[in-house]
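Chemist:
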Amino acid sequence: MRCWDPRIEEMPKEELQKLQFKLLKTLIYKVYSFSPFYHKRMKEAAVHPDDITCLSDIKRLPFMFKKDLRDTYPDGMIMSEQEELVRYHVSSGTTGKPTVVGYTKNDIYNWSESLARGLTSAGIGRGDVMQVSYGYGLFTGGLGLHYGAERIGATVLPTSVGNTERQIELMQDLRVTAIACTPSYLLHMGEVADKMGVSIKNNTLLRKAIVGAEPWSEQMRIRIRDWLGVDAYDVYGTSELSGPLFCECEYQQGFHVWSDLIYPEILDPDTQEPLPPGKRGELVVTMLQKDGLPIIRYRTGDITTIREEPCPCGRTHPRLERLSGRVDDMLIIRGINVFPSQIEHALLGIPDVGEHFMIEIDRKGALDEMLIKVELAKEAFSDKIADLIHTKKNVEKTLKNALNVQVSVELTEPGTLPRFEGKAKRVIDRRLI
Amino acid sequence: MNCEQYMIRQISLFSENKPGRLAALAKACQEENVNILAFSIAEADGFGVIRVLVDKPDVAFSRLTALGFNVAFTHVIAVLMRDEPGGLFEIASKLSDAGINIDYSYAFSGKNKAILILRVDKVEEAIKLLLSHSFTLIATDSIQ
Ligand SMILES: [Zn+2]
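Quick note, the sequences are listed as chains R and C, same order.
If you number the first sequence the way the UniProt record's numbering does, the last residue is 433 and the count never jumps.
If you number the second sequence the way the UniProt record's numbering does, the last residue is 144 and the count never jumps.
See the structure below:
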């Protein structure tokens, strides 16, 4: 099947925008009337629903932050009466209080519908056996993909996480063709399978993977394809927005965001002003049809760009590019936004240096100076100084092209830069601002 | 003619410009009973290359690799310099007339004689040329 819902997925852009405006208008009236939280926020911002006369008037509405969800724990931001809710999910807060999301029947329907479109666009459907190896329970991954896969008529194998050897046995015995899990769990499965003497590529029917919930890269996509024989598709969504919601189509160039469900904005992290398509910034989300927990101009903290140009698959909805980091990780060098993840990606493409790096930032006079330390690869060592200077210049040039900012590179001996388990601390910022 | 006997294996190390790297190298050699016959350090912007001639290159290579150094073998030639003015110029001009480039050179003094270490882009040609002009080259087996 090409499209799950062709009427909406191939709707001309102008019609989609009209639909978005209608949905936005309804949403704003609804929260103004029924949500004490949003009512108060809008009063404070001196904006009334009648002030929203076109889509771009959304700028007049105040932002909403993760902190708001914590501050109103457990259910201060939930708009629906409890008897209207059919489910709760709770995200464990790494800092402070958890956040609670309540879902009405309609919210669950739209969530599954969104994934049904996405899974179909990735070529999964009736006849597929889909192993859901995301965690089930308070976390949204497992149940989210479960409902999405059932909606399209796939056969779901709800294995959740853990007991990997049994998962691999079941994958073989029940002829699993698709899997949903984190990218790191997929790689872990590959390793465990190899130890068991099972080649996922040659001894299973697994061909597609829906992976997300943690950062991953194009290099990992290639590795998963070459090693496991599996095509990996990115999936995006956070629990506040419902859970995993959007998934890449067969062209694997970003995930379609369904315009009838979401109104995305990309915000300049410095000026907090919306950026035009193609520019990188913070994703700000308005969920157009969410009732249980309304989401209006939610600052996700995720960095991405929006692509408005038509997708070869024929779907008219815009695509968001793979997330390139978090706002919290962003560095501003000479007024340009730089993400450590960009450096990581650029270095992976340079065979002369290793993957580990450190960033040191100083301010000389009025100018920021960024020094990136990398390890010289064994194979790239030449005992001629001129060759090494050439290597260094080459790395500097590649990084400058990737970051749009001048950098100095220092070549270090292999194994000398710090290794990190868990969250890496690669930045030493010595600027006094 | 067998040029290989004159191709001496020099050990080259990549090093950050920080104190203690040369000392670490010397200590490792001492512990392995390896004699350093000659060395030079070339420095650039933030890093350097240490080049050493030792009597047991394989022992030194494996120990230094185990210590985490970025190590490589390089073929150099060692020429006995005439102990008179213009000795170095004579060698350099012969090579340059023949279109052979010297990547780098360094000298060391042994017993009553000076020896020039050369890294050139065309090793075999350089060996043949210098021998034909009756220069004395140091054979590998006499030192390693
Ligand atoms: Zn597409």
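Note that beta-carbon positions come from the ideal geometry of N, C-alpha and C, so glycine has one too.
Please read all numbers here as calculations on a predicted model, not as lab measurements.
Closest to residue 90 of chain R by CA distance: which of R:398, R:256, R:238, R:375 is it?
Modeler: Out of R:398, R:256, R:238, R:375, R:238 has the C-alpha closest to the C-alpha of residue 90 of chain R.
Chemist: Report the rounded CA-to-CA distance for residue 22 of chain R versus residue 334 of chain R, giving the unit in angstroms.
Modeler: Using only the alpha carbons, I get a separation of about 42 Å.
Chemist: Check this for me: beta carbons of residue 434 of chain R and residue 127 of chain R, under 8 Å apart or not?
Modeler: The question about residue 434 of chain R has no answer, for chain R in this structure spans 1 to 433.
Chemist: Shorter than 8 Å from the beta carbon of residue 2 of chain C to some beta carbon of chain R?
Modeler: So no, residue 2 of chain C is outside the interface.
Chemist: Can you tell which of R:389, R:391, R:408, R:381 has the C-alpha that lies nearest to the C-alpha of residue 70 of chain C?
Modeler: Ranking R:389, R:391, R:408, R:381 by Cα distance to residue 70 of chain C puts R:381 first.
Chemist: Mark residue 294 of chain R as exposed unless 16 or more other C-beta atoms lie within 10 angstroms of its C-beta, in which case mark it buried.
Modeler: Flag for residue 294 of chain R reads buried.
Chemist: Got a sec: does ligand 1 put a non-hydrogen atom nearer than 7 Å to the Cβ of residue 436 of chain R?
Modeler: This structure gives no information on residue 436 of chain R, because the portion of chain R shown stretches from 1 to 433.
Chemist: How about residue 37 of chain R: is its C-beta nearer than 8 Å to some C-beta of chain C?
Modeler: Not an interface residue.
Chemist: Let's see if you can read the secondary structure: which residues bound the beta strand (DSSP E) around residue 88 of chain R?
Modeler: Element bounds for residue 88 of chain R: 85–91.
Chemist: Rounding to the nearest angstrom, what Cα-Cα distance links residue 27 of chain R and residue 52 of chain R in this structure?
Modeler: Looking at the two C-alpha atoms, the distance is approximately 11 Å.
Chemist: Under a three-way DSSP split, which group does residue 110 of chain R fall into?
Modeler: It is helical.
Chemist: Taking 6 Å as the limit between beta carbons, can you name the residues of its chain near residue 233 of chain R, skipping five residues before and five after?
Modeler: The answer, listed in chain order, is 122, 210, 247, 248.
Chemist: Exposed or buried, what is residue 12 of chain R when buried is set at 16 or more other beta-carbons lying within 10 Å of its beta-carbon?
Modeler: The residue is exposed, with fewer than 16 neighbouring Cβ atoms inside 10 Å.
Chemist: Go through its chain and collect everything with a Cβ distance to residue 14 of chain C's Cβ below 6 Å, but skip five positions before and after it.
Modeler: Excluding sequence neighbours, residue 14 of chain C sits near 70.
Chemist: Against residue 378 of chain R, what residues of chain C qualify as contacts under a CB-to-CB distance less than 7 Å, listed in chain order?
Modeler: In chain order: 70.
Chemist: Specify, as a first and last residue, the run of the beta strand (DSSP E) that residue 72 of chain C falls within.
Modeler: 70–81 is the span of the beta strand (DSSP E), which, as asked, contains residue 72 of chain C.
Chemist: Under 8 Å between C-beta atoms, does residue 15 of chain C make it to chain R?
Modeler: Residue 15 of chain C counts as touching chain R.
Chemist: When you compare the segment 35–51 of chain C with the segment 84–99 of chain C, are there three or more beta-carbon pairs, one atom per stretch, that lie closer than 8 Å?
Modeler: With a cut-off of 8 Å, the segment 84–99 of chain C and the segment 35–51 of chain C do not count as touching, because too few Cβ pairs lie within range.
Chemist: At 3 residues or longer, and completely inside the segment 332–382 of chain R: list those beta strand (DSSP E) runs for me, N to C.
Modeler: Listed in chain order, the complete beta strand (DSSP E) runs (minimum 3 residues) inside the segment 332–382 of chain R are 336–338, 353–364, 367–376.
Chemist: Three-state secondary structure (DSSP) at residue 248 of chain R?
Modeler: DSSP places residue 248 of chain R in strand when its eight states are reduced to three.
Chemist: At 7 Å on the CB atoms, spell out the chain R contacts of residue 9 of chain C, in chain order.
Modeler: The premise fails here: residue 9 of chain C is roughly 12 Å from chain R at the closest Cβ pair, so nothing lies under 7 Å.
Chemist: When you compare only the Cα positions, how much space is there between residue 367 of chain R and residue 346 of chain R?
Modeler: Spanning the two alpha carbons is a distance of roughly 24 Å.
Chemist: Which stretch, first to last residue, makes up the alpha helix (DSSP H) that contains residue 92 of chain C?
Modeler: Its alpha helix (DSSP H) spans residues 87–97.
Chemist: Counting only the same chain and skipping the five closest in sequence on each side, list residues whose C-beta sits under 8 Å from that of residue 147 of chain R.
Modeler: Same-chain partners within the cutoff: 108, 111, 112, 115.
Chemist: Give the DSSP-derived three-state secondary structure of residue 286 of chain R in the structure shown.
Modeler: Of the three classes helix, strand and coil, the one that applies to residue 286 of chain R here is strand, per DSSP.
Chemist: Nearest-angstrom Cα distance between residue 93 of chain C and residue 52 of chain C?
Modeler: Each residue's Cα considered, the two are about 25 Å apart.
Chemist: Return the CA-CA distance between residue 341 of chain R and residue 216 of chain R, expressed in angstroms with no decimal places.
Modeler: Those two C-alpha atoms are separated by around 10 Å.
Chemist: Under three-state DSSP, which class holds residue 429 of chain R?
Modeler: Note: residue 429 of chain R maps to strand in three-state DSSP.
Chemist: Name the one or two DSSP bridge partners that residue 212 of chain R has.
Modeler: Residue 212 of chain R is bridged to R:235.
Chemist: Keeping to the same chain, check which residues put their C-beta closer than 7 Å to that of residue 101 of chain C; ignore five residues upstream and five downstream.
Modeler: Correct list, in chain order: 120, 121.
Chemist: I'd like the span of the alpha helix (DSSP H) that includes residue 33 of chain R, first residue to last.
Modeler: From DSSP, the alpha helix (DSSP H) with residue 33 of chain R extends over 13–34.
Chemist: What ranges does the beta strand (DSSP E) occupy inside the segment 129–202 of chain R, keeping only unbroken runs of at least 3 residues that lie completely in it?
Modeler: The segment 129–202 of chain R contains these whole beta strand (DSSP E) runs: 129–132, 155–157, 178–181.
Chemist: Please list, in chain order, all residues of the same chain as residue 97 of chain C whose beta carbon is under 8 Å from its beta carbon, the five residues on each side excluded.
Modeler: The answer is none, since no qualifying residue turns up.
Chemist: Please list the terminal residues of the continuous alpha helix (DSSP H) segment that includes residue 395 of chain R.
Modeler: Residues 385–403.
Chemist: Could you tell me which chain R residues have their CB closer than 9 Å to the CB of residue 51 of chain C, listed as they occur along the chain?
Modeler: What residue 51 of chain C touches in chain R: 383.
Chemist: Residues of chain C with CB under 7 Å from residue 414 of chain R, in chain order?
Modeler: Simply 68, 70.
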